[in-house]
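Here the structure comes first, spelled out in structure tokens, and everything after it is commentary.
Chains as they are written, first to last, in the working numbering: chain A, 6 to 385; chain B, 115 to 487.
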């Protein structure tokens, strides 16, 4: 199975010394060039926590903006003096929690955050991060109480966004939309909060099949046209509305970000484009590489690949199930519903139905799948 | 106001919304003691570690890679250790190429590693980039007669062993057998000791006392019996100590063993000129054979001893020593038997040869006892 991963057929000797082999991300990003200088400073004094923490935060931001997990590894490496300390300095614990949740080690991340919040109940970053981890796990009541502890520790808009995000997943999408609209129209909202709020608005619109989703996504993209998460979320909306051509223009052919490659491959396949097989092959190579290295953080995307591009509903269901055991965001629910519907798996469908009933999640596309599943069963 | 890590807000954008992480691809092709490898390492990762982009323009050119070639190779190879059993296989880069993987350009290092012995187990220690990026992984594929194996190296699991299969157990036995033969042929001290003991086998000294003259032995049967006694005694003795030393039951300091081996050769040579052990040379062979066994053990231990197949190695090596010895006897005996009646044999070969052997061994003794290189 491993044959052909990475080890490709024809290594070569480049023809000329001037031949460009690789373009580094810092070519187009002055922020990344700054990181080099910061790294040199940290190398001189690797035990200066303030300096190291600043660099680690920048690496984590770069991981997000570039969609490149290498930066998470770099952050972990500079955190080394504190990485194994069970009860290290607060700043180190918060950063470690952020990195641990990135690799889906949610329990370890929560343990770090619990420790920080026992020490400093008003640590806003720890509250926000814990609320996010709990939300991803579907532990909404606990997440909500973290959001409610935010006012006073962080700007009000963060508390609003934090609560609205949970409302939108627990049957109160209308309230969430109103609160978010009000928060976004206020003055002095920082860029991070604005991007978060607009993305939330777009996603809520998407789940409700609301026409307002498109302008919301477009506005968010004006803020950061290359944000991988945002591009992915908008692409999903476009695919749902059978507008694959726009996805192809939104995501460049040479994207190295796997989930975006997935959406591009889905769009090309929908278009029956001649470029589709190449994109599917590239994606297959990535999936195999990820399996070879033993990663499980991509199971949601892998399930979509298995279902829509590899025609393997059984495998897709297995992946979607395993993924849902770890994380329970709307996208995870949806993948499980899609896979269960394709595999005609009653247990999977029941799990989705119960989740919606218990949480109050409003997701039009998933509800249609449940109806189709029930209809299919009735017909048989 | 403090900046918040936005990543924590869009949780998945930090994990699932991502490139392929940093991996390298290592293929090892094992054939006996030779390992040929191919190692694909991302230029991006090498740039982070070594700074390939010399002019800092955000682009890595072939010229920039070539300028850092030596640094790249030593950086990589010092972070990879391949061993068969416990004997390391030093490696050397044979070819440098470039390949394009789905996530960017990689340098392709093709290298050869030569192991001292082959073993049933390949042990690989991988330490590339773990200090800079603990999430880096090394994806390994091993091809051998036993089939293909795959492994993943991570910061938590940098060392892994791979069973190369039963085929190499036989190979390994042959390997140690060969080493045993090579050792007895190239280890002049053992060979000369044996020769010194065998030189008088084709002769008899009928009269008692030192003045008695050497006479050619009458029958091949008589000669054969004498040779058999000497060789068997030597074999038995060195097998005992070789086994005890290899199994760790007994040990002697290497310098003492080497000195005693040299001394044994002197005694054997002197005994031909001024016989003390006349018909009892087998006893001499046995006593000093014990010392030679310790010498063989040092060699065997230096070759590396895989724990699970220790016995196999021991038996193989010992059998090799005996085979090598037998070959010497088979060549020596007919020639000596044919020449036994000549004065040349008695004067030149026996006395002259023993004298030369004695002087040579005396020099070894001085070297070894006083640790002169």
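Note that the Cβ used here is the ideal one computed from N, Cα and C, for glycine as well.
Quick caveat: nothing in here was measured; it's all calculated off a predicted structure.
- For residue 310 of chain A, no CB of chain B lies under 7 Å from its own CB, so it is not counted at the interface with that chain.
- Closest in C-alpha terms to residue 171 of chain B, from the list A:301, A:342, A:33 and A:129, comes A:33.
- Within chain A, 26 and 27 have C-beta atoms less than 8 Å from the C-beta of residue 219 of chain B, given in sequence order.
- Residue 466 of chain B and residue 238 of chain B have their C-alpha atoms some 53 Å from each other.
- Residue 262 of chain B is bridged by DSSP to B:257.
- Distance from the CA of residue 331 of chain A to the CA of residue 221 of chain B, rounded to the nearest whole angstrom, comes to 37 Å.
- Taking C-beta atoms as the reference points, residue 132 of chain A and residue 151 of chain A count as a pair closer than 7 Å.
- Nearest to residue 469 of chain B by C-alpha distance, out of B:194, B:382 and B:234, is B:382.
- For residue 64 of chain A, no Cβ of chain B is located within less than 7 Å of the residue's own Cβ.
- The stretch 393-406 of chain B and the stretch 440-454 of chain B do not touch, with fewer than three beta-carbon pairs separated by less than 8 Å.
- Under DSSP, residue 256 of chain A shares a beta bridge with no residue.
- Here residue 480 of chain B is exposed: its Cβ has fewer than 16 other Cβ atoms, across all protein chains shown, within 10 Å.
- Using a Cβ-Cβ cut-off of 7 Å, residue 31 of chain A is close to 172 of chain B, given in chain order.
- Nearest in C-alpha terms to residue 241 of chain A, of all of A:227, A:229 and A:222, is A:222.
- For the stretch 52-119 of chain A, the continuous alpha helix (DSSP H) assignments of 4+ residues that do not extend past its boundaries occur at 54-71, 75-83, 85-88 and 95-107, in sequence order.
- For residue 171 of chain A, no beta strand (DSSP E) segment is defined; the enclosing uninterrupted segment is the alpha helix (DSSP H) at 161-172.
- Not a single C-beta of chain A is nearer than 7 Å to the C-beta of residue 143 of chain B.
- For residue 156 of chain B, the enclosing beta strand (DSSP E) stretches over residues 148-156.
- In this chain, the beta strand (DSSP E) harbouring residue 240 of chain B covers 235-240.
- In this structure, residue 256 of chain A lies near residue 265 of chain A, with their beta-carbon atoms less than 7 Å apart.
- From the listed residues B:247, B:243, B:384 and B:234, the smallest Cα separation to residue 261 of chain B is found for B:234.
- With the rule of 3 Cβ pairs closer than 8 Å, the stretch 365-375 of chain B does not count as touching the stretch 456-465 of chain B.
- Within the stretch 223-250 of chain B, the residues whose Cβ lies closer than 7 Å to any Cβ of chain A are, in chain order, 245, 246, 247, 248, 249 and 250.
- Here the alpha carbon of residue 345 of chain B sits roughly 27 Å from the alpha carbon of residue 286 of chain B.
- In the assembly as shown, residue 140 of chain A is a buried residue. Its beta-carbon has 16 or more other beta-carbons within 10 Å.
- Runs of the alpha helix (DSSP H) lying entirely within the stretch 377-443 of chain B, each at least 4 residues long, are 395-417 in chain order.
- Put simply, the backbone Cα of residue 377 of chain A is about 8 Å away from that of residue 346 of chain A.
- By the 16-neighbour rule on beta-carbons within 10 angstroms, residue 339 of chain B is exposed.
- Fully contained in the stretch 301-384 of chain A are the following alpha helix (DSSP H) runs of length 4 or more, in chain order: 304-309, 318-331, 335-347, 351-364 and 369-384.
- Listed by position along chain A, the residues whose Cβ is nearer than 7 Å to that of residue 177 of chain B are 22 and 23.
- With respect to the 7 Å criterion, residue 338 of chain A and residue 285 of chain A are not classified as neighbours on the basis of their beta carbons.
- For residue 249 of chain A, same chain residues with a beta-carbon under 6 Å away, outside a window of 5 residues either side, are 272, 275 and 276 in chain order.
- Per DSSP, the beta bridge partners of residue 139 of chain B are B:154 and B:253.
- The residues 118 and 151, in chain order, have a CB closer than 6 Å to that of residue 135 of chain A in the same chain once the five nearest residues on each side in sequence are set aside.
- Interface flag for residue 298 of chain B against chain A is unset, since no Cβ pair is found closer than 7 Å.
- When the alpha-carbon of residue 269 of chain B is set against those of B:293, B:243, B:229 and B:263, the nearest one is in B:243.
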